[in-house]
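Contents: one structure, followed by commentary.
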Amino acid sequence: MNTRSGSDGAWPAGVGAARTVALGEIDAGREATPALTRYDGSEPVWSHAVPPYLMKNYWWAYVHPRAVRFWERQWLINLILFGNFVKLRDAALSELGASLGGRTLEVACVYGDFSVKLAERIAPGASLDVVDVLPIQLRNLRRKLPDGAPVTLHLGDSTALGFADTTFDQVIVFFLLHEQPAGVREQTLKEAVRVVRPGGKLVIVDYHRPSRWHPLHLVLLKPILRVLEPFSPDLWTHEISEWLPAGIAAKAMRKQTFFGGLYQKLAVTL
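Note that our numbering has the sequence shown beginning at 957, numbered continuously upward.
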C-alpha cells in the first residue's frame, strides 16, 4: 500500500484533485485497492488507497487525525443523531442477539462505543471481525477495545471484502450507506450479502425519509444533509432494499423506523 507520513499538519498528495467515484469507476478503482489485510497498527494513517469520494467529501470527519480526535466523543455523536445514538445502537445490537456465536462482521468503524458494546456480546469461542478502509479509524477502534477482546481488525474496502462466501453468521452495517455514492453502496451490500451464511442475518441502520410532519424534514434535507452528507438524500427517496442484489433469496426482511421516521433498521435473514 502506498502511503505518506501521517503528521497532524500533513496532507496526502492530490487531495485537491479528489473526485466522486462514478458508477462505472467502481471496478476500475478496485484494481488499486489492496487485498484484505489484518491490521496490526503499523500502517501509516494516510493511504492512497482511500476511495476518492471519501477523501473529497469526508476528510473532515474520518480521514484527518484532528478530525478523529474531535469526533470521537460519544456525546457529540449523540447530539448529531438528535439524542438517538443509544437507542439506535441498542436496536441494532438487540436485533443481532444478546450472545453472538460463530463469526460476526462489522463493516466500517463507528465513533462512540458501538463496537465495544458489540464485542461484549461475542460468545466464548466466537469472534468479531471489523473492516475499514482507513488505518486511522482502525487505530482509533483498537484504542477503544479492551485487552483480550475477541476482535480482529482488517484493512480493506467494503466493496471488496476479501472473505470467502458464507463466512459470517451475522453482518452489521451501522450508518455507512448514507456516506457512499449509489454504485458503491450497491456493491457494499452485494459484498455484505455474499459473506453471510444461509440462515444468517444482515442488519443495517441508517437514515430514512422522515414523516411529512417531522420538524427536521426540510431543515435537514436541503441546507445540512446535501452539503455535509451529499449522498444521504438517496435514503430519503429510495428503500435500502433497492440496493440489495437482484434475486436475493431472503427468508425474511423487516424494517423498523425511529424518531419520526428519520432513522431506520433493516434486518435481512438469508
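Even glycine gets a Cβ: it sits at the ideal position worked out from N, Cα and C.
Everything numeric in this text was worked out from a predicted model, so none of it was measured.
I need the straight-line Cα distance from residue i to residue j, nearest angstrom please.
i: PRO1007; j: TYR1163; result: 22 Å
i: MET1011; j: HIS1020; result: 10 Å
i: LYS1100; j: ASP1069; result: 8 Å
i: LEU992; j: GLY1118; result: 5 Å
i: TYR1018; j: GLU1185; result: 13 Å
i: TRP1222; j: ARG1141; result: Sequence inspection shows Leu at residue 1222; the Trp mentioned does not correspond to that position. When rounded, the distance between both Cα atoms is 15 Å.
i: PRO1102; j: ALA1005; result: 29 Å
i: TYR995; j: LEU1094; result: 7 Å
i: GLY1203; j: PRO1166; result: 28 Å
i: ARG1182; j: PRO1080; result: 44 Å
i: GLU999; j: GLN1030; result: 26 Å
i: HIS1208; j: GLN1143; result: With the sequence shown as reference, residue 1208 is identified as Ala, and His is not the correct amino acid for it. So the alpha carbons of these two residues sit roughly 21 Å apart.
i: PRO1201; j: VAL1149; result: 8 Å
i: TRP1169; j: GLU1135; result: 25 Å
i: ARG1210; j: LEU1052; result: 13 Å
i: GLY1139; j: ALA1105; result: 34 Å
i: ASP1046; j: VAL1001; result: 30 Å
i: ASP1085; j: VAL1042; result: 22 Å
i: PRO1179; j: HIS1173; result: 11 Å
i: THR1193; j: PRO1171; result: 18 Å
i: ALA1206; j: LYS1073; result: 27 Å
i: TRP1016; j: ASN1034; result: 18 Å
Less than 9 Å between the C-beta atoms of residue i and residue j, yes or no?
i: ILE1128; j: GLU1028; result: no
i: THR1225; j: GLY1155; result: yes
i: ALA1064; j: SER1114; result: yes
i: SER1071; j: LEU1032; result: no
i: TYR1219; j: VAL1161; result: yes
i: TYR1009; j: PRO1137; result: yes
i: THR1075; j: GLY1057; result: Position check: residue 1075 holds Ala in this sequence, whereas Thr was assumed. Cβ distance not < 9 Å, so ALA1075 and GLY1057 don't count as in contact.
i: GLU1147; j: ALA1116; result: yes
i: LEU1158; j: TRP1199; result: no
i: LEU1133; j: LEU1191; result: yes
i: ARG1025; j: SER1055; result: no
i: PHE1131; j: ASN1013; result: no
Going by DSSP, name the residue or residues bridged to residue i.
i: VAL1152; result: PHE1124
i: SER1227; result: Outside the modelled stretch of the chain, which goes from 957 to 1226, sits residue 1227, for which no answer is possible.
i: ILE1078; result: LEU1056
i: SER1223; result: Per the sequence shown, the amino acid found at residue 1223 is Ala instead of Ser. BP columns for ALA1223 point to VAL1159 and ARG1210.
i: GLU1062; result: VAL1086 and ILE1128
Any beta carbon of chain C sitting closer than 9 Å to that of residue i?
i: VAL1063; result: Of the protein chains in this structure there is only one, and it is not chain C.
Does the beta-carbon of residue i, which I'm using as the reference point, lie nearer than 8 Å to any heavy atom of the ligand GDP?
i: ALA1223; result: You won't find the ligand GDP in this model; it holds no ligand whatsoever.
Between the segment 1200 to 1217 and the segment 1027 to 1047, can you find at least three pairs of beta-carbon atoms closer than 8 Å? yes
Would you call the segment 1075 to 1094 in contact with the segment 1102 to 1113, where contact means no fewer than 3 C-beta pairs closer than 8 Å? yes
Could you tell me which uninterrupted alpha helix (DSSP H) segments, each at least 4 residues in length, are contained entirely in the segment 1182 to 1213, listed from first to last along the chain? 1190 to 1193
Can at least three beta-carbon pairs, one atom from the segment 1137 to 1157 and one from the segment 1117 to 1126, be found at a separation below 8 Å? yes
Please list the segments of the alpha helix (DSSP H) lying wholly inside the segment 986 to 1053, counting only runs of 4 or more residues, in order along the chain. 1008 to 1014, 1021 to 1027, 1030 to 1036 and 1041 to 1052
Entirely within the segment 1091 to 1144 and at least 4 residues each: give me those alpha helix (DSSP H) ranges in chain order. 1091 to 1100
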